[in-house]
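Protein chains: 2
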Amino acid sequence: MTIKLALDAMGGDYAPSEIIEGAKEACKENPDIEVILLGEPSRLPDNLPKKIKVKACGQSIGMHEPAAKAVKTKKDSSIVIGPKLVKAGEADAFISAGNTGAVMASALLGLGRIKGIDRPAIAVTLPTASKPVVLLDAGANPDCKPANLLQFAMLGSTFSQKVLGIKNPSIGLLNIGQEKGKGDDLVKLTHDLLEQSSLNFYGNIEGQDVSSGTTDIVVCDGFIGNVVLKTMEGLASVMFKELKNVINATTVNKVGGILLASSLKKLQTRLNQDTYGGTHLLGVNGVCIIGHGSSKRTAIKNAIEVAKKSIKHGFIEKVKLEAHK
Amino acid sequence: MTIKLALDAMGGDYAPSEIIEGAKEACKENPDIEVILLGEPSRLPDNLPKKIKVKACGQSIGMHEPAAKAVKTKKDSSIVIGPKLVKAGEADAFISAGNTGAVMASALLGLGRIKGIDRPAIAVTLPTASKPVVLLDAGANPDCKPANLLQFAMLGSTFSQKVLGIKNPSIGLLNIGQEKGKGDDLVKLTHDLLEQSSLNFYGNIEGQDVSSGTTDIVVCDGFIGNVVLKTMEGLASVMFKELKNVINATTVNKVGGILLASSLKKLQTRLNQDTYGGTHLLGVNGVCIIGHGSSKRTAIKNAIEVAKKSIKHGFIEKVKLEAHK
């Protein structure tokens, strides 16, 4: 069976060229996929490989356009058409590195929610010391209720099993203390719900546990999740910049830097989120991946491969089963 | 005028030896201070320098004892006696690397709040790419109202001016988007209050702005602040560990590491929070510094010097003026 992936050619800072290159690389390495490239025909090249088809779209949604309005008015844009193709069964997944808010709104409208999931969440796979950790919600829901966080835990657990291949993944509730009874009302009530659930609940975790990989999944509301994610991105970037400055500071340091260069490059790649192919909108009735706006070809290729895994391993079907329990 | 600093000799993982060494170093470098060492006499050495006096205390509060109960029952412990000395005018500040919750509870009881401040906040000075940034609240208040965050902004601004010597420090409100109107109700209402205030309000900032130093002050509730702080500590620690692994991986890398060693050590020191001498409990009626539990002599020395600055530059008096505006 060929897996058909609808890819937004217009989304992201390096669209369409890097998006197309990513699609080409993915097709080369994955004989079982086909890419449907969504975009404005005038901005797409003619000489595409056979496994990349074009679906012509109208005017695209810009990276910084107000999301709700853009989705309402630009009905023939790549971001609006993508989820509809998935809904209609013409594609198996939608991938975009475009305007996050617009992709979310359009996926919600076009795909709808899975029954039993009140609010879809953004899940991001973070590289940590020892393994990938799934953090959710990373920004879709700034205000949450305990029942939402419980559903996020189930979504994250299913994702971790089906897409990352982790058996019986452990769930940590992000809090400001390890003991039960710590934190605000939201986490206290969520703690009770998670304890009563059939999920593999580890208990409360704290900020330092996110990057040390204490648990496979980190559950929190979308405000905290977004702040944590961006804080980590910011700090990692500052630290690599500082390291570069140290290396360039003296001739001796430069020599040291040259000797370490290839290993440091590998470390930077390993600690880069793009390695895990973007964020997933979990809880909508179809596979939807939102790449970083700065996605280049490798990030797009990785996103395509993660989408393929979600489909192959029946992620959506499994969530439907779990949500009905 | 000699500044008298009450120092908890019993608090922290390396107490009392590293605490005492920190006090000795501080006294050597600061002729204008005197240290009052609070601790159990049997655990303190006899041969202390003249500028370090001992105030005998009873049984100490452990690092992990439940705070409220410990403060109530161990009335002659160093943590309970310290703030009382400040209140009585026998000391100018209290410094402890002990049980954070107990120090907070004891400082609140012993010193009281400054009139006009509803809730004291924990302020931490973070090293960033270009300058120190003050983040508050870092954990004292998991649930906040907009008025609390406004007061935190004033406290942070006064601290930044008086203790860090920054003129007209800018204030960022930690949020999940830059535009006005983003986020939950708490930040939306706080945004309005800050805009109407006479403070130098920059606007909303996001996670990545914390470590890039977009503003001099980062304001948030104690839940977010605590998670952000611990996330940053955790990630920095993971990254330095990974760097060490890279350096030790091959012989060539090891040589590179040797060439870079002294510069990397300096970088690690610069990015270490201890450089700025612990966290401050702002809003109580007296200078109170809470060191990291892992504080060694340099962290203690730095904490003593920051306390001295707070006193010399009239931080408390300035807060009293601002709180009455």
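Protein chains in written order, with the working numbering: chain A, -4 to 320; chain B, -4 to 320.
All residues carry an ideal CB built from backbone N, CA and C; glycine is no exception.
In this text, all values refer to a predicted model and were calculated from it rather than measured experimentally.
Here's a check: name, in chain order, each residue in its chain whose Cβ is nearer than 8 Å to the Cβ of B/G57, leaving out the five neighbours to either side. If you number the second sequence from 1, residue 57 of chain B lands on position 62. In the same chain as B/G57, and ignoring 5 residues on each side of it, the C-beta atoms closer than 8 Å to its own belong to A65, N94, in chain order.
Which of the three DSSP states, helix, strand or coil, is assigned to B/L106? Taking the first residue of the second sequence as 1, we reach residue 106 of chain B at position 111. In this structure, B/L106 counts as helix in the three-state DSSP scheme.
Minimum length 4: unbroken alpha helix (DSSP H) runs contained in the stretch 55 to 120 of chain A: Within the stretch 55 to 120 of chain A, the complete alpha helix (DSSP H) runs of at least 4 residues are 62 to 68, 73 to 82, 95 to 106.
Just the C-alpha distance for B/K320 and B/A118, rounded to the nearest angstrom, thanks. Looking up residue 320 of chain B in the second sequence gives position 325. Looking up residue 118 of chain B in the second sequence gives position 123. Each residue's alpha carbon lies about 22 Å from the other.
Which bits of chain B does A/A201 rub up against, with CB to CB less than 9 Å? Looking up residue 201 of chain A in the first sequence gives position 206. The residue asked about is misnamed: residue 201 of chain A is Glu in this sequence, not Ala. Around A/E201, the beta-carbon contacts reaching into chain B at under 9 Å are N221, V222, K225, T226, G229.
Could you say which of A/I76, A/M149, A/K162 lies nearest to A/A318 if we only look at CA atoms? Your numbering for residue 318 of chain A matches position 323 in the first sequence. It is A/M149.
Quick one: using the 10 Å Cβ neighbour count with 16 as the cut-off for buried, is B/Q146 buried or exposed? Sequence index remark: in the second sequence, residue 146 of chain B carries index 151 (1-based). The residue in question, B/Q146, is buried, as its Cβ has 16 or more Cβ neighbours within 10 Å.
What residue range is occupied by the uninterrupted alpha helix (DSSP H) comprising B/C283? Locating residue 283 of chain B in the second sequence gives position 288, where the first residue counts as 1. DSSP places B/C283 outside any alpha helix (DSSP H); the residue lies instead in the beta strand (DSSP E), whose first and last residues are 282 to 285.
Could you list the residues in the stretch 101 to 130 of chain A with a C-beta less than 9 Å from some C-beta on chain B, going in chain order? Hits within the stretch, in order: T123, A124.
For B/H275, which three-state DSSP category applies? As a working note, residue 275 of chain B is residue 280 in the second sequence. Residue state, collapsed to three classes: strand.
Our contact map puts B/G53 next to B/D41 with C-beta atoms below 8 Å; I'd like the distance itself, whole angstroms only. Start at 1 with the first residue of the second sequence, and residue 53 of chain B comes out as number 58. Start at 1 with the first residue of the second sequence, and residue 41 of chain B comes out as number 46. Contact flag wrong, Cβ pair sits at about 19 Å.
Quick check on B/M(-4): buried or exposed, where buried means 16 or more other Cβ atoms within 10 Å of its Cβ? Here the question's residue -4 of chain B lines up with position 1 in the second sequence. Exposed: under 16 other Cβ atoms inside 10 Å.
Please state whether the Cβ-Cβ distance between B/G229 and A/S207 is less than 8 Å. Along the second sequence, read from residue 1 onward, the residue named residue 229 of chain B stands at position 234. Along the first sequence, read from residue 1 onward, the residue named residue 207 of chain A stands at position 212. Cβ atoms of B/G229 and A/S207: closer than 8 Å.
Please report the distance separating the alpha-carbon of B/Q358 from that of A/S73. Look at the range of chain B in this structure, -4 to 320, and you will see that residue 358 of chain B is not part of it.
What in chain B is Cβ-close to A/A244, meaning under 9 Å? For the purposes of this step, residue 244 of chain A is identified with residue 249 of the first sequence, where counting begins at 1. What A/A244 touches in chain B: S258.
Is the beta carbon of A/D179 closer than 8 Å to that of B/D138? Mapped onto the second sequence, residue 138 of chain B falls at position 143. Mapped onto the first sequence, residue 179 of chain A falls at position 184. With respect to A/D179, B/D138 sits close: the two C-beta atoms are nearer than 8 Å.
For the candidate residues A/E237, A/A294, A/K261, whose alpha-carbon lies nearest to that of B/P122? The residue labelled residue 122 of chain B in the question sits at position 127 within the second sequence. The shortest Cα separation from B/P122 among A/E237, A/A294, A/K261 belongs to A/E237.
In angstroms with no decimal places, state the Cα-to-Cα distance between B/L181 and A/A51. In the second sequence, the residue the question calls residue 181 of chain B occupies position 186. In the first sequence, the residue the question calls residue 51 of chain A occupies position 56. The straight-line gap from Cα to Cα measures roughly 44 Å.
Taking A/P137 as the query, report the chain B residues whose CB atoms sit under 7 Å from its CB, ordered along the chain. Looking up residue 137 of chain A in the first sequence gives position 142. When 7 Å is used as the limit between beta carbons, A/P137 is near these residues of chain B: I171, G178, D179, in chain order.
In whole angstroms, give me the CA-to-CA distance for A/Q173 and B/H59. If you number the first sequence from 1, residue 173 of chain A lands on position 178. If you number the second sequence from 1, residue 59 of chain B lands on position 64. One C-alpha to the other measures close to 12 Å.
Taking C-beta to C-beta, are B/I311 and B/G281 nearer than 8 Å? Here residue 311 of chain B is taken as the residue at index 316 of the second sequence, counted from 1. Here residue 281 of chain B is taken as the residue at index 286 of the second sequence, counted from 1. Yes, Cβ-Cβ distance for B/I311 and B/G281 is below 8 Å.
As a quick exercise: from B/N195, B/G202, B/K225, B/K303, pick the residue whose alpha carbon is nearest that of A/K201. Position 206 of the first sequence, counted from the start, is the residue given in the question as residue 201 of chain A. Checking the sequence shown, residue 201 of chain A turns out to be Glu, not Lys. Nearest Cα to A/E201 within the set B/N195, B/G202, B/K225, B/K303: B/K225.
Minimum C-alpha distance to B/L259 - residue among A/T246, A/L266, A/I242, A/K261: What you label residue 259 of chain B is simply residue 264 of the second sequence in a count that begins at 1. Taking each of A/T246, A/L266, A/I242, A/K261 in turn and checking the Cα distance to B/L259, the smallest one comes out for A/I242.
State the start and end residues of the unbroken alpha helix (DSSP H) segment that holds B/K313. Within the second sequence, residue 313 of chain B is the residue found at index 318, counting from 1. That run of the alpha helix (DSSP H) goes 310 to 318.
In the structure shown, what three-state DSSP assignment does A/E29 receive? Start at 1 with the first residue of the first sequence, and residue 29 of chain A comes out as number 34. Strand at A/E29.
Strand pairing of A/L131, partner residues [DSSP]: Reading the first sequence from its first residue, position 136 is the one you call residue 131 of chain A. A/A118, A/V214, per the DSSP bridge assignment.
Counting only C-beta atoms, is A/F218 closer than 8 Å to chain B at any point? For the purposes of this step, residue 218 of chain A is taken as the residue at position 223 of the first sequence. For A/F218, the nearest beta carbon of chain B is closer than 8 Å to its own beta carbon.
For B/D3: DSSP bridge partner residues: Translated into the one-based positions of the second sequence, residue 3 of chain B becomes position 8. Answer by DSSP bridge pairing, in chain order: B/L33.
Out of B/K140, B/A231, B/H287, B/A244, which has the shortest C-alpha to C-alpha gap to B/F218? To locate residue 218 of chain B, count along the second sequence from 1; it is residue 223. If we check each option's Cα against that of B/F218, B/K140 comes out closest.
Does the CB of B/M(-4) have a neighbour CB from chain A at under 8 Å? Along the second sequence, read from residue 1 onward, the residue named residue -4 of chain B stands at position 1. Nearest CB-CB separation between B/M(-4) and chain A: not below the 8 Å threshold.
Can you give me the C-alpha to C-alpha distance between A/V49 and A/H287, rounded to a whole angstrom? As a working mapping, residue 49 of chain A is identified with position 54 in the first sequence. As a working mapping, residue 287 of chain A is identified with position 292 in the first sequence. The alpha-carbon atoms of A/V49 and A/H287 are separated by roughly 22 Å.
Tell me where the beta strand (DSSP E) around A/G167 begins and ends. In the first sequence, counting from the first residue as 1, residue 167 of chain A sits at position 172. Its beta strand (DSSP E) spans residues 166 to 169.
Expected contact under 8 Å - CB spacing of B/N221 and B/G134 to nearest Å: Residue numbering aside, residue 221 of chain B sits at position 226 when the second sequence is read from its first letter. Residue numbering aside, residue 134 of chain B sits at position 139 when the second sequence is read from its first letter. With a Cβ gap of about 4 Å, B/N221 and B/G134 count as contacting.
Note down, in chain order, every chain A residue with its Cβ under 8 Å from the Cβ of B/D71. On the second sequence, residue 71 of chain B is found 76 positions in, with the first residue counted as 1. Correct list: empty, because the minimum Cβ distance to chain A is about 27 Å.
Looking only at its chain, what residues have a beta carbon closer than 8 Å to the beta carbon of A/P358, apart from the 5 residues adjacent to it on each side? No statement about residue 358 of chain A is possible, as the shown extent of chain A runs from -4 to 320 and does not include it.
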